[in-house]
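Data first, discussion second: the structure below is written as structure tokens.
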Amino acid sequence: MTILDEIVTYKRGVVAEAKKSGSIEALKDQIDLSERPRSLLTKMSIDTGFHFICEVKKASPSKGIIQPNFNPTEQSKLYEQGGASAISVLTDEKYFMGSLEYLKAIKRTVQLPVLRKDFIIDAYQIYESRAAGADLILLITRILSKDQLNDFYQQAKELGLEALIEIADAEDIDKIPVLPDKAILGINNRNLHTFEVSLQNSIHIKPNLPAEVPVISESGIHNADDCKLLFNHGFRGALIGESLMRAGSPVELLQQMKTGVTYV
123 MTILDEIVTY
133 KRGVVAEAKK
143 SGSIEALKDQ
153 IDLSERPRSL
163 LTKMSIDTGF
173 HFICEVKKAS
183 PSKGIIQPNF
193 NPTEQSKLYE
203 QGGASAISVL
213 TDEKYFMGSL
223 EYLKAIKRTV
233 QLPVLRKDFI
243 IDAYQIYESR
253 AAGADLILLI
263 TRILSKDQLN
273 DFYQQAKELG
283 LEALIEIADA
293 EDIDKIPVLP
303 DKAILGINNR
313 NLHTFEVSLQ
323 NSIHIKPNLP
333 AEVPVISESG
343 IHNADDCKLL
353 FNHGFRGALI
363 GESLMRAGSP
373 VELLQQMKTG
383 VTYV
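Here's what the structure looks like:
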């Protein structure tokens, strides 16, 4: 069993317990449909340059605790100050020491779109995300069937949420809904079996993706040269976590990374 399999098994239990505490109908009652989610796609259509989705992450299974003196709201403010286009928030508690409460607090703190980064395996979590104030959700193709991915994407769209659809290899491409208009495609540079990371994974896969949908790269982005490499291969942005979480000055590192890309 891989760590991904282990996490998915754990998530099934978490969702089952959550459903005992409150139904989807109860979550629907918590959703304020008059409050429109913030749109990262609109931001990307207006600014056709390279966008930074900066991640708030205390820990990970492969790295352990990344930032001991963890302050999610302060970190998100630094990202906003540094010019991030959106904030990604880990909400998995067991493996990443995250929390949905962090997302709620960050949403109140910044004016940027907020992505819920978790392992979504049930429609319940999509309603939960919207009720918590998420603007985007992560949908991982590797842990979903083609039908599930399409259903979850449509459900998110109906709730006004945008989706970051993550793929890790060429096999995942067949699952992607036809030209999703409320989605960004993300290529994970981490091999989900070996946990090795290489930007070449993004560069190898991108030519096989529909040109009409914006594509970002995820994992293993550390400096301006990495961003320049991705930009030169047609990527619209990057999701960056660990390097910014470990940086003495996230604002300075983010601004250095921006020097690697040229805005159109």
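Numbering-wise (my numbering), the sequence shown opens with residue 123 and increments by one. Where a beta carbon is used, it is the ideal one built from N, C-alpha and C, also for glycine.
Whole-angstrom C-beta distance between residue j and residue i, which should lie under 8 Å
i: Pro194; j: Tyr224; result: 4 Å
i: Leu331; j: Ile306; result: With a Cβ gap of about 11 Å, Leu331 and Ile306 do not count as contacting.
i: Leu237; j: Leu266; result: 17 Å between Cβ atoms; not a contact.
i: Asp214; j: Phe241; result: 6 Å
i: Ile188; j: Glu318; result: Not a contact, Cβ separation roughly 18 Å.
i: Leu352; j: Ser324; result: 7 Å
For residue i, the first and last residue of its enclosing alpha helix (DSSP H)
i: His344; result: Looking at the DSSP string, His344 is not in any alpha helix (DSSP H), and its letter there is neither H nor E.
i: Ala245; result: Ala245 to Ala254
i: Asp127; result: Ile125 to Ser143
i: Ser387; result: An answer regarding residue 387 cannot be provided, because it is not within the stretch 123 to 386 covered by the chain.
i: Val373; result: Pro372 to Lys380
i: Arg230; result: Leu222 to Thr231
Unbroken beta strand (DSSP E) run spanning residue i, endpoints
i: Arg358; result: Run containing Arg358: none; DSSP gives neither H nor E here.
i: Arg238; result: Val236 to Lys239
i: Asn310; result: Ala305 to Asn310
i: His173; result: His173 to Val178
i: Ile298; result: Run containing Ile298: none; DSSP gives neither H nor E here.
i: Glu147; result: Not the beta strand (DSSP E): Glu147 falls in the alpha helix (DSSP H), residues Ile146 to Gln152.
i: Leu260; result: Leu258 to Ile262
i: Ala208; result: Ala208 to Leu212
i: Phe285; result: In the sequence as displayed, the identity of residue 285 is Ala instead of Phe. Here the beta strand (DSSP E) through Ala285 covers Glu284 to Ile289.
Contact under 8 Å by Cβ, residue i with residue j
i: Leu163; j: Glu284; result: yes
i: Ile338; j: Arg368; result: no
i: Lys268; j: Lys304; result: no
i: Pro299; j: Leu281; result: no
i: His212; j: Lys185; result: Checking the sequence, you will find Leu at residue 212 rather than His. In this structure, Lys185 does not lie closer than 8 Å to Leu212 by Cβ.
i: Pro235; j: Ser182; result: no
i: Cys349; j: Phe172; result: yes
i: Leu261; j: Tyr275; result: yes
i: Ser145; j: Leu361; result: no
i: Arg264; j: Leu126; result: yes
Close Cβ partners of residue i (< 6 Å) along its chain, the five nearest in sequence each way excluded
i: Ile153; result: Arg252 and Ala253
i: Val137; result: Asp244 and Tyr246
i: Gln197; result: Val178
i: Gly255; result: Lys226 and Lys229
i: Lys133; result: Phe241 and Ile243
i: Gln277; result: Ala245 and Ile248
i: Lys165; result: Ser207
i: Gly220; result: Leu212, Thr213 and Asp214
i: Leu222; result: Thr213 and Ala254
i: Phe192; result: Lys180
i: Lys297; result: Thr263, Lys268 and Leu271
i: Glu340; result: Gly308, Asn310 and Leu361
i: Pro329; result: none
Beta-carbon proximity list for residue i, same chain, < 8 Å, skipping 5 on both sides
i: Ile327; result: Ile289, Asp291, Ala292, Ile295 and Ile309
i: Gly370; result: none
Contacting residues, own chain, Cβ-Cβ under 7 Å from residue i (five flanking each side not counted)
i: Leu301; result: Pro332, Glu334 and Val335
i: Thr231; result: Thr195, Ser198 and Lys199
i: Ile129; result: Tyr217 and Phe241
i: Arg158; result: Gly282
i: Lys141; result: Tyr246
*Count the C-beta pairs between the segment 344 to 353 and the segment 369 to 386 that are closer than 8 Å, then say yes if the count reaches three, no if not.*
Touching, per the Cβ criterion.
*Taking one C-beta from the segment 310 to 325 and one from the segment 283 to 296 each time, how about it: are there three or more such pairs within less than 8 Å?*
Remark: three or more beta-carbon pairs, one from each stretch, lie closer than 8 Å, so the segment 310 to 325 and the segment 283 to 296 are flagged as touching.
*Pairing CB atoms from the segment 238 to 251 with CB atoms from the segment 137 to 157, are three or more of them under 8 Å?*
Contact between the segment 238 to 251 and the segment 137 to 157 is present: 3 or more CB-CB pairs across the two stretches fall below 8 Å.
*Looking at C-beta atoms only, is the number of pairs between the segment 206 to 218 and the segment 173 to 186 that lie closer than 8 Å three or more?*
Contact between the segment 206 to 218 and the segment 173 to 186 is present, because at least three Cβ pairs lie under 8 Å.
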